[in-house]
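**Q**
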């Protein structure tokens with residue numbers, strides 16, 4: 001997988017992307033515009049930030065098969081690394097030794113440096129990016145170590161080559177001297193050889209000519225070797241000078257980046273670098289400055305300069321890494337500050353919105369309270385109007401006792417007590433009571449005030465007695481009341497006035513409110529009275545509905561009572577009590593009158609209103625809730641029967 005991380009090699013080894021770093025050329029017959037060279041294959045890749053460094057990644061397209069890649073690799077020219085490993089033992093293949101210049105070193109290192117920056121800019125996850133950076137750093141260190149090894153080996157080979165050349169030159173000089181001595185010896189010997197002068201002269205000339213040519217040839221070779229050594233020495237001096245210039249440029253860059261690093265550290269208060277790292281950077285800077293300043297006084301070898309250059313490059317890498325971290329921290333700090341300001345603005349905005357919401361809520365609550373108060377006042381005014389209308393109708397009965405003497409008032413109250421003596425077992429006694437009451441009313445026709453006071457006392461006593469009776473007693477009193485109303489219709493309004501006065505929930509349009517004067521200890525008693533009045537009212541409406549030709553619309557009045565209760569939120573102990581007792585006493589009449597509407601009404605009570613009654617019921621009204629639940633559980637549509645207590649008193 002490490003091979004895929006070398007982006008430069010991948011670009012160079014790709015068939016379509018190998019021209020990515022070439023300069024543009026003018027278009028012509030030999031260089032068409034749409035050629036691979038001019039198209040710059042990087043656009044085939046797209047955004048390099050989206051490069052996937054997975055195991056299967058390659059810069060080549062899917063069309064390139066493995067076979068094509070292998071053929072392409074066979075045709076490629078060997079790289080610099082392949083040349084650098086040529087052995088000095090093979091002079092025929094490597095007559096001219098490859099000398100890697102500092103520019104090559106810098107170029108390779110800079111390519112790796114650009115690769116490192118490119119990988120850092122890729123939009124990868126943090127952990128993956130760190131792994132890539134770590135592996136890239138390892139590859140870079142391994143690469144530099146390999147270069148150093150190559151440079152050291154090359155220096156040894158060059159030095160060995162120079163030594164060999166010098167040995168050859170010395171050996172050739174020795175041979176020349178030896179040959180010269182031999183020639184001189186031969187000349188000396190010729191003087192003593194007994195030959196003719198002509199032969200000796202010819203032989204001597206041949207030897208001298210041969211010797212002269214040999215000396216000339218060897219001198220030329222020696223001069224060429226010396227000249228080659230001088231050229232190499234000059235090249236080495238120029239190369240060292242170039243390395244020093246590169247070292248100076250890198251040192252300037254190092255100093256500038258170090259200043260940027262300290263400026264960022266000053267801007268980011270509380271940030272500091274490791275002391276060992278800072279000491280290493282300062283030592284590197286001092287070492288490089290010492291070499292640059294003392295170069296002319298104390299020349300250095302290429303190995304020493306390369307070692308210092310490597311140390312400087314490492315320092316640059318460290319400084320770049322620190323600068324990048326500091327800039328990231330600076331950006332992060334700026335983002336945090338912006339986020340903090342944004343959060344403060346959002347909090348302020350939220351607080352403002354919350355304040356406005358609370359103000360609106362308070363305003364709505366105030367408007368709701370005002371509307372409720374207004375509605376309550378309107379309801380109270382409506383109730384007062386209803387009671388006032390009823391009172392206006394019965395003012396004659398209510399004010400009549402004031403127009404009587406005390407003896408007459410006492411006599412009226414005494415005779416009105418006949419209404420308190422209803423018998424629940426012997427109905428014939430009740431009929432006698434009814435006849436006595438009707439007789440008394442007939443006899444008092446000539447005395448309007450006495451008759452009105454008597455009727456008022458009888459209605460008041462009947463309503464008061466209902467609160468003391470059970471359901472059977474309420475049925476008996478309902479019979480008596482309906483019979484009296486049959487003969488005296490004006491008693492109906494008087495009865496409603498006294499009933500609504502003690503039991504407001506039965507009044508049309510009334511609010512299900514609890515009487516303010518009822519104490520908590522008397523709530524159960526109050527709930528019981530409400531239930532008894534509801535039962536008695538249901539019995540009264542049932543009996544009136546059975547009367548043929550009665551002007552009172554009993555069924556509509558009963559429906560209005562139920563509808564009025566269901567149209568309001570349930571009140572603990574009252575809503576359930578009124579509905580239970582009234583439906584038990586008047587439900588059969590409502591069923592016979594309204595049919596399907598009554599079935600829908602009961603369904604609404606069971607599914608919707610009863611759960612609300614449970615939620616609203618407090619401890620004092622739990623008994624009524626249990627009874628009402630049992631009643632609704634036994635209810636079946638169109639199966640409500642007539643209350644048997646109605647039939648007991650006919």
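Numbering (the UniProt record's numbering), first residue to last: 1 to 650. Don't be surprised by glycine CBs; every beta carbon is placed ideally from N, CA and C.
Tell whether a beta-carbon distance below 8 Å holds between residue 494 and residue 459.
**A** Result yes, Cβ atoms of residue 494 and residue 459 sit closer than 8 Å.
**Q** Tell me the DSSP secondary structure of residue 31 in three-state form.
**A** Residue state, collapsed to three classes: strand.
**Q** Return the chain-ordered ranges of every alpha helix (DSSP H) run that is complete within the segment 540–568 and spans a minimum of 4 residues.
**A** Listed in chain order, they are 554–566.
**Q** Taking the beta carbon of residue 647 as the centre, do at least 16 other beta carbons fall within 10 Å, making it buried, or is it exposed?
**A** Looking at its Cβ environment, which holds fewer than 16 other Cβ atoms inside 10 Å, residue 647 is exposed.
**Q** Consider the Cβ of residue 578: report whether some Cβ of chain E lies at a distance smaller than 8 Å.
**A** Going by chain labels, chain E is absent from the structure shown, which holds only one protein chain.
**Q** Starting from residue 613 and walking both ways along the alpha helix (DSSP H), at which residues does that stretch end?
**A** 610–616 is the span of the alpha helix (DSSP H), which, as asked, contains residue 613.
**Q** Should residue 163 be labelled buried (16 or more other beta-carbon atoms within 10 Å of its own) or exposed?
**A** Answer is exposed; the Cβ neighbour count stays below 16.
**Q** Using 8 Å as the threshold, is the segment 401–412 in touch with the segment 460–478, meaning 3 or more CB pairs across them?
**A** The segment 401–412 vs the segment 460–478: no contact.
**Q** Please report how far the alpha carbon of residue 207 lies from the alpha carbon of residue 240, in whole angstroms.
**A** Between residue 207 and residue 240, the C-alpha separation is close to 49 Å.
**Q** Any chance the segment 567–579 sits against the segment 524–533, with 3 or more Cβ pairs inside 8 Å?
**A** The segment 567–579 is in contact with the segment 524–533.
**Q** Check whether the segment 442–450 and the segment 465–485 touch, using three or more Cβ-Cβ pairs below 8 Å as the test.
**A** These segments do not touch.
**Q** Find the nearest neighbour of residue 257 within the set 273, 226 and 322, judged by alpha-carbon distance.
**A** Taking only the C-alpha atoms, the option nearest residue 257 is 322.
**Q** Measuring CA to CA, which of 548, 522, 574 and 593 is closest to residue 557?
**A** Cα-wise, what sits closest to residue 557 is 593.
**Q** Using alpha carbons as the reference points, say which of 640, 454 and 183 lies closest to residue 396.
**A** Checking every option, the nearest Cα to that of residue 396 belongs to 454.
**Q** Is DSSP giving residue 649 helix, strand or coil here?
**A** Coil at residue 649, not helix or strand.
**Q** Grab me the residues of residue 559's own chain with a C-beta within less than 7 Å of its C-beta, minus the 5 sequence neighbours each way, in chain order.
**A** Around residue 559: 590 and 594.
**Q** Does DSSP put residue 432 in a helix, a strand or coil?
**A** It is helical.
**Q** Is it true that the CB of residue 214 sits closer than 8 Å to the CB of residue 179?
**A** Cβ distance < 8 Å, so residue 179 and residue 214 count as in contact.
**Q** Touching or not, the segment 496–513 and the segment 376–396, by the rule of three or more beta carbon pairs under 8 Å?
**A** Counting Cβ pairs under 8 Å, three or more are found: they touch.
**Q** Output needed for residue 141: all residues of its chain with C-beta closer than 6 Å, excluding positions within five of it in sequence on either side, in chain order.
**A** Excluding sequence neighbours, residue 141 sits near nothing in its chain.
**Q** Can you tell me which of 135, 289 and 507 puts its alpha carbon nearest to the alpha carbon of residue 386?
**A** Among 135, 289 and 507, the Cα nearest to that of residue 386 is on 507.
**Q** Return the CA-CA distance between residue 644 and residue 631, expressed in angstroms with no decimal places.
**A** Rounded to whole angstroms, residue 644 to residue 631 spans 16 Å at the Cα level.
**Q** Between the segment 363–374 and the segment 419–435, do three or more beta carbon pairs fall short of 8 Å?
**A** Not touching, per the Cβ criterion.
**Q** Pairs of beta-carbons, one from the segment 307–325 and one from the segment 245–254, closer than 8 Å: are there three or more?
**A** At 8 Å Cβ cutoff, the stretches touch.
**Q** Using only alpha-carbon positions, find the residue among 306, 280, 401 and 242 that is nearest to residue 109.
**A** The residue with the shortest Cα to Cα distance from residue 109 is 306.
**Q** So the candidates are 273, 628 and 542; which of them puts its Cα closest to the Cα of residue 325?
**A** Ranking 273, 628 and 542 by Cα distance to residue 325 puts 273 first.
**Q** Might you give, ordered along the chain, the residues of its own chain that have their beta carbon closer than 8 Å to the beta carbon of residue 285, omitting 5 neighbours on each side?
**A** Within the same chain, residue 285 has close Cβ partners 251, 254, 255, 258 and 315.
**Q** Measure the Cβ-Cβ separation of residue 640 and residue 587 and say whether it is below 8 Å.
**A** A contact, by the Cβ cut-off of 8 Å.
**Q** Do you know offhand how far residue 477's Cα is from residue 582's?
**A** Spanning the two alpha carbons is a distance of roughly 16 Å.
**Q** Whole angstroms are fine: how far does the CA of residue 185 sit from the CA of residue 292?
**A** Answer to the nearest angstrom: the Cα atoms are 58 Å apart.
**Q** Terminal residues of the continuous alpha helix (DSSP H) containing residue 624?
**A** 622–634 is the span of the alpha helix (DSSP H), which, as asked, contains residue 624.
**Q** Taking the alpha helix (DSSP H) that residue 493 falls in, what are its first and last residues?
**A** Per DSSP, residue 493 belongs to the alpha helix (DSSP H) from 491–502.
**Q** Mapping the DSSP letters down to three states, classify residue 641 as helix, strand or coil.
**A** In this structure, residue 641 counts as coil in the three-state DSSP scheme.
**Q** Taking C-beta to C-beta, are residue 264 and residue 365 nearer than 8 Å?
**A** Cβ atoms of residue 264 and residue 365: not closer than 8 Å.
**Q** Since residue 398 and residue 456 should fall inside the 8 Å C-beta cutoff, what is the C-beta to C-beta distance between them, to a whole number of angstroms?
**A** Confirmed, Cβ separation roughly 6 Å.
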